[in-house]
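Everything on this sheet refers to the single structure shown next.
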Amino acid sequence: MTTHPAPPPGEPQQTAEAARELIELLEVLWERGRDMVSATPVSASQLRVLYSLDREEGISLRTLGDLLGSAPPSVSRMCDRLEALGFVQRLPSSVSRRQLELHLTAHGKAYLRDLRVQREEALLAVIAGMSATSRKALLRGLTGFREALDDSGPTASSRPRTPLKDVSSA
Numbered sequence: 000m001t002t003h004p005a006p007p008p009g010e011p012q013q014t015a016e017a018a019r020e021l022i023e024l025l026e027v028l029w030e031r032g033r034d035m036v037s038a039t040p041v042s043a044s045q046l047r048v049l050y051s052l053d054r055e056e057g058i059s060l061r062t063l064g065d066l067l068g069s070a071p072p073s074v075s076r077m078c079d080r081l082e083a084l085g086f087v088q089r090l091p092s093s094v095s096r097r098q099l100e101l102h103l104t105a106h107g108k109a110y111l112r113d114l115r116v117q118r119e120e121a122l123l124a125v126i127a128g129m130s131a132t133s134r135k136a137l138l139r140g141l142t143g144f145r146e147a148l149d150d151s152g153p154t155a156s157s158r159p160r161t162p163l164k165d166v167s168s169a
C-alpha cells in the first residue's frame with residue numbers, strides 16, 4: 000500500500016463532494032446510453048448482475064449474491080428476469096451436480112458491448128471538450144482513485160486490476 004502525505008483540512012470533503020456530483024452527472028449520462036441501446040428495460044440492479052457475470056463468467060447464484068451483497072432469493076429473481084430476456088443462462092456446474100453456473104448469452108454480451116460503446120461515445124464527447132492538461136489531470140486522478148480502491152475496497156480481491164486507458168489524445 001502506498002502512503003501519501005496528509006491532505007490539507009477540508010480537502011478530502013471537497014473532493015468527495017466533487018466526486019459525488021460527478022457520479023450523479025454520470026448516472027444521468029449512463030441512463031441516456033442505456034435508453035439508446037435497447038428498449039428492453041434492465042434495472043440498475045440487473046445491470047450489476049450483467050457486469051458481474053461479464054467479469055466472473057460461470058459463477059454460482061451464491062457467489063453472485065456475495066458479490067452483490069444481496070440475498071439469494073432476490074438474486075435468483077433478477078436472474079429469472081434476465082434469463083427471460085435472453086441475457087443470462089443457467090447451466091449445470093462442471094464441479095457439482097447440485098449447483099448451476101450463470102453465463103451471459105450472446106444477446107447479453109451484445110447488450111453490454113453496445114451499452115459500453117454508447118457510454119464511451121458520450122464520455123469521449125465530454126472529454127474532447129477538455130484541455131489536454133485537464134485530460135491528463137483527470138487520468139492521473141482517476142488512476143489514483145482506482146489504485147486506492149484496489150488497495151482498500153471491499154471487493155479488491157475479486158476485481159481484475161486493469162489500468163485505465165490514456166485519454167490525453169481524445
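Residue numbers (numbering that gives the first Met the number 0): 0 to 169.
All C-beta atoms in this analysis are idealised placements derived from N, C-alpha and C, irrespective of residue type, glycine included.
Distance, Cα to Cα, residue i vs residue j?
i: M129; j: R139; result: 14 Å
i: T132; j: R118; result: 23 Å
i: L66; j: S51; result: 8 Å
i: P162; j: A147; result: Reliability of the predicted coordinates at P162 is poor, the pLDDT of 48 falling under 50, and the value obtained from them is presented with this limitation in mind. Distance between the alpha carbons of P162 and A147 is about 13 Å.
i: G143; j: R96; result: 43 Å
i: L49; j: V74; result: 12 Å
i: E26; j: E82; result: 25 Å
i: A109; j: V116; result: 10 Å
i: A169; j: S69; result: Residue confidence is low: A169 scores 39 on pLDDT, short of 50, so the model does not pin down where it sits. Its coordinate-derived value is still stated next. If you take the alpha carbons of A169 and S69, they lie about 38 Å apart.
i: P72; j: D79; result: 10 Å
Relative to the ligand FAD, is the shortest distance from any of its heavy atoms to the C-beta of residue i smaller than 7 Å?
i: L103; result: The ligand FAD is not part of this structure, which contains no ligands at all.
Does DSSP put residue i in a helix, a strand or coil?
i: V41; result: coil
i: L84; result: coil
Over what stretch of residues does the beta strand (DSSP E) that includes residue i continue unbroken?
i: L90; result: V87 to P91
i: E100; result: L99 to L103
List the whole-angstrom C-beta distance separating residue i from residue j, where the pair is believed to meet the contact cut-off of C-beta under 8 Å.
i: V87; j: G107; result: 6 Å
With residue i as the anchor, note down where its alpha helix (DSSP H) starts and where it stops.
i: E146; result: A131 to S151
i: A96; result: Checking the displayed sequence, the identity of residue 96 turns out to be Arg instead of Ala. Per DSSP, R96 belongs to no alpha helix (DSSP H) and is neither H nor E.
Indicate whether the contact test is met: 3 or more Cβ pairs, each with one atom in the segment 55-74 and one in the segment 95-109, closer than 8 Å.
Touching, yes, given that three or more Cβ pairs across the two stretches are closer than 8 Å.
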